[in-house]
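Each residue of the sequence shown is one higher than the last, beginning at 1 in the UniProt record's numbering.
A virtual CB, placed ideally from N, CA and C, is assigned to each residue, including glycine.
Please read all numbers here as calculations on a predicted model, not as lab measurements.
Note sheet for the following structure.
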Amino acid sequence: MNLPRSLSLDVEALCRKLATDLSQRMAEQQWDNPAMIGIHTGGVWVAERLLAQLDNLVSDPLGVLNIAYYRDDFTRIGMHPQVQPSQLPFSVADRHIILVDDVLYTGRTVRAALNEIFDYGRPASVTLAVLVERAGRELPIQADVLGHHLDLALNEQVKLTGPEPLQFSIQCVEPNE
1 MNLPRSLSLD
11 VEALCRKLAT
21 DLSQRMAEQQ
31 WDNPAMIGIH
41 TGGVWVAERL
51 LAQLDNLVSD
61 PLGVLNIAYY
71 RDDFTRIGMH
81 PQVQPSQLPF
91 SVADRHIILV
101 DDVLYTGRTV
111 RAALNEIFDY
121 GRPASVTLAV
131 LVERAGRELP
141 IQADVLGHHL
151 DLALNEQVKL
161 TGPEPLQFSI
171 QCVEPNE
């Protein structure tokens with residue numbers, strides 16, 4: 001049995017860094033009325049912290065994407081029986097969207113999230129903010145705002161647990177998982 005090992009990253013400090021970098025980006029780009037969307041589950045936890053730290057730079061409530069229906073692997077892994085619908089309490093049309101996720105790995109989750117966002121309308125722009133990225137991209141997707149880069153072995157996965165406290169752990173996985 002492979003037990004997870006803890007990862008000594010200060011998640012709250014990484015969230016503060018993301019908030020500072022996003023605030024700077026919003027000022028440089030002169031965004032008017034951006035909206036924030038978190039990808040279920042870890043991205044929502046990170047986005048909630050970012051909203052609290054951005055000092056009213058984002059006025060709309062947080063949007064939540066559940067990308068289960070947009071994944072390209074559900075035929076292999078199956079559909080989770082309790083999939084909740086996405087909640088976007090604002091229009092995405094012509095808005096600057098900040099898309100937040102906890103971990104960027106292959107890029108497939110972000111691709112699915114972009115597909116769903118565009119089903120709601122055509123945003124002016126989408127900025128990807130990610131707490132942690134790691135090598136292994138399968139699609140040409142990268143974070144615009146990043147908290148930390150991790151170098152992991154091929155048989156390791158990083159997972160954010162939370163919501164209180166937010167912590168990262170690393171798990172070893174078998175090649176066929």
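Handout entry: Buried versus exposed call for T20 [16 or more other C-beta atoms within 10 Å across all chains shown]
Key = Here residue 20 is taken as the residue at index 20 of the sequence shown, counted from 1. Exposed.
Exercise for the section: Note the first and the last residue of the continuous alpha helix (DSSP H) segment covering E12. Expected result: On the sequence shown, residue 12 is found 12 positions in, with the first residue counted as 1. From DSSP, the alpha helix (DSSP H) with E12 extends over V11 to Q29.
Practice task
Would you give the residue range spanned by the alpha helix (DSSP H) that R108 belongs to?
Solution key: Counted from its first residue, the sequence shown places residue 108 at position 108. Boundaries of the alpha helix (DSSP H) around R108: R108 to Y120.
Handout entry: Burial state of I77 (16 or more Cβ within 10 Å)
Key = Counting from 1 along the sequence shown, the entry for residue 77 is found at position 77. Confidence at I77 is low in this model, with a pLDDT of 49, below 50, so its placement is unreliable and the value that follows should be read with caution. Answer is exposed; the Cβ neighbour count stays below 16.
Practice task
Could you pull out every residue in the same chain whose Cβ sits closer than 6 Å to the Cβ of V11, ignoring the five residues on either side in sequence?
Solution key: Here residue 11 refers to the residue found at position 11 of the sequence shown. So the list reads L166, once near-sequence residues are dropped.
Problem - Integer Cβ distance of L65 from L51, believed to fall under 8 Å - result: For the purposes of this step, residue 65 is identified with residue 65 of the sequence shown, where counting begins at 1. For the purposes of this step, residue 51 is identified with residue 51 of the sequence shown, where counting begins at 1. Not confirmed; about 15 Å, so no contact.
Handout entry: Cβ contact check for the stretch 120-129 and the stretch 152-166: 3 or more pairs under 8 Å
Key = When Cβ pairs closer than 8 Å are counted between the two stretches, the stretch 120-129 is seen not to touch the stretch 152-166, the count staying below three.
Handout entry: Burial state of S86, where buried means 16 or more other Cβ atoms lie within 10 Å
Key = Stepping through the sequence shown from its first residue, residue 86 is reached at position 86. By the 10 Å Cβ count, S86 comes out buried.
Exercise for the section: List the DSSP bridge partners of E156. Expected result: The residue labelled residue 156 in the question sits at position 156 within the sequence shown. E156 is bridged to C172.
Problem - Under the three-state DSSP convention, the category E164 falls into - result: Looking up residue 164 in the sequence shown gives position 164. If DSSP states are grouped into helix, strand and coil, E164 belongs with coil.
Problem - Other residues of its chain near V103: CB distance less than 6 Å, five sequence neighbours each side excluded - result: As a working mapping, residue 103 is identified with position 103 in the sequence shown. Closer than 6 Å at Cβ, skipping near neighbours: V132 and V158.
Handout entry: Sub-7 Å separation of I67 and A113 beta-carbons
Key = Sequence index remark: in the sequence shown, residue 67 carries index 67 (1-based). Sequence index remark: in the sequence shown, residue 113 carries index 113 (1-based). One thing to note: I67 has its Cβ within 7 Å of the Cβ of A113.
Handout entry: Helix, strand or coil at R134 according to DSSP, with G and I counted as helix
Key = Along the sequence shown, one-based indexing puts residue 134 at 134. The answer is strand: DSSP assigns R134 an E or B state.
Practice task
Please work out which residues of its chain come closer than 7 Å, Cβ to Cβ, to S91, disregarding the five sequence neighbours upstream and downstream, and give them in chain order.
Solution key: Here residue 91 is taken as the residue at index 91 of the sequence shown, counted from 1. Excluding sequence neighbours, S91 sits near G121.
Practice task
Using DSSP bridges, identify the partner residues of V64.
Solution key: In the sequence shown, counting from the first residue as 1, residue 64 sits at position 64. According to DSSP, which records beta bridges pairwise, V64 is partnered with G38 and Q87.
Handout entry: Pairwise C-alpha distance: A129 and R111
Key = Within the sequence shown, the letter at position 111 stands for residue 111. Within the sequence shown, the letter at position 129 stands for residue 129. When rounded, the distance between both Cα atoms is 14 Å.
Problem - Terminal residues of the beta strand (DSSP E) in which I97 lies - result: Here the question's residue 97 lines up with position 97 in the sequence shown. Note, I97: beta strand (DSSP E), H96 to L104.
Handout entry: CB of F168 within 7 Å of CB of L14, strictly
Key = Indexing the sequence shown from 1 puts residue 168 at position 168. Indexing the sequence shown from 1 puts residue 14 at position 14. Cβ distance not < 7 Å, so F168 and L14 don't count as in contact.
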